[in-house]
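Single-structure report; data block below.
Residue numbers (the UniProt record's numbering): 1 to 286.
Have a look at this one:
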């Protein structure tokens, strides 16, 4: 039986009690917006779902699959492949392609898949593991990879920035990133794994490692058509996601003392109001 509970108005349905992410409709909406965002950011690539040079995969694994949207899209694109999506809670999806398998698994436990993978995909897993657990997960990925297989991980920097000083330094958005970096450090699960993942991936045994950095706008302020649309989607990603990102961490680990749920809701409402300011030309790295 999968454990779960309602806390501060959000559903947490998980194999682990220490994971910050809700597993409710609002969180799945946020994840789907994130999926669309990365399709837009990859629109210059022949395969918008991933950049790894894997053209005819037999077996694909998606860690932290959430609602399973990425895994389902990959299964549709590669009908000859078996695509496995895993997370700590049951997916909300009622139908999946026959070659897509969405499973409830804790990847920190022993892996039971018999096949090795051509591609292992991770996206927006920041805060999921301790440093030691990340080392373990990357090693499991390497040990369960086909010769010549690829790992692809996509993360974001939680710090919000601007190039034109349109973001006031005393705004809540300007302080958002450091607030949560500090909070996650107190929780023992860093939100800055985009700065450490390359070295840990290489330490697991992977070679020929590449990284690519995007400036991802929040809001429809860019002049470039693709970035403008990406900014619109990312605004929804943030606006929908703020409460779920903040509630667990701030009520458990504080800034620096734990907040009440009502204090978090007031804070999130103020941050969302700042997001709606069309004069802000803000972005984050991903």
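All residues carry an ideal CB built from backbone N, CA and C; glycine is no exception.
So, at 8 Å on beta carbons, what are the nonlocal neighbours of residue 270 in its own chain, with the 5 sequence-adjacent residues on each side left out? Excluding its 5 nearest sequence neighbours in each direction, residue 270 has C-beta neighbours in its own chain below 8 Å: 172, listed in chain order.
When DSSP labels each residue in this structure, what does residue 122 get in the three-state scheme? Annotated three-state conformation of residue 122 is strand, per DSSP.
Sequence ranges, beta strand (DSSP E) only - wholly within the stretch 121-195, length at least 3: For the stretch 121-195, whole beta strand (DSSP E) runs of length 3 or above, ordered along the chain, are 145-154.
For residue 228, the first and last residue of its enclosing alpha helix (DSSP H): For residue 228, the enclosing alpha helix (DSSP H) starts and ends at 225-253.
Span of the beta strand (DSSP E) around residue 274: In the DSSP assignment, residue 274 falls outside any beta strand (DSSP E) and lies within the alpha helix (DSSP H) extending over 261-275.
If you follow the alpha helix (DSSP H) that residue 77 is in, where does it begin and where does it stop? It spans 69-77 - the alpha helix (DSSP H) in which residue 77 sits, taken as one unbroken run.
Touching or not, the stretch 138-156 and the stretch 101-120, by the rule of three or more beta carbon pairs under 8 Å? Contact holds: three or more Cβ-Cβ distances are below 8 Å.
What is the DSSP secondary structure of residue 103, reduced to helix, strand or coil? In the three-state DSSP reduction, residue 103 falls in the strand class (E or B).
Please check the pair residue 70 and residue 35, which I expect to be a contact at CB under 8 Å, by giving their CB distance rounded to whole angstroms. Going by Cβ atoms, the distance from residue 70 to residue 35 rounds to 6 Å, so yes, they are a contact pair.
Only counting the same chain, and skipping five residues up and downstream in sequence, which positions put a Cβ closer than 6 Å to that of residue 228? Here the set comprises 220 and 222.
Measuring CB atoms only, is the stretch 80-92 touching the stretch 10-26, in the sense that at least three cross pairs come out at less than 8 Å? Touching, yes, given that three or more Cβ pairs across the two stretches are closer than 8 Å.
Nearest to residue 237 (by Cα), restricted to the options 55, 283, 17 and 101: Cα-wise, what sits closest to residue 237 is 283.
Just the C-alpha distance for residue 81 and residue 57, rounded to the nearest angstrom, thanks. Near 6 Å, if we compare the C-alpha coordinates of residue 57 and residue 81.
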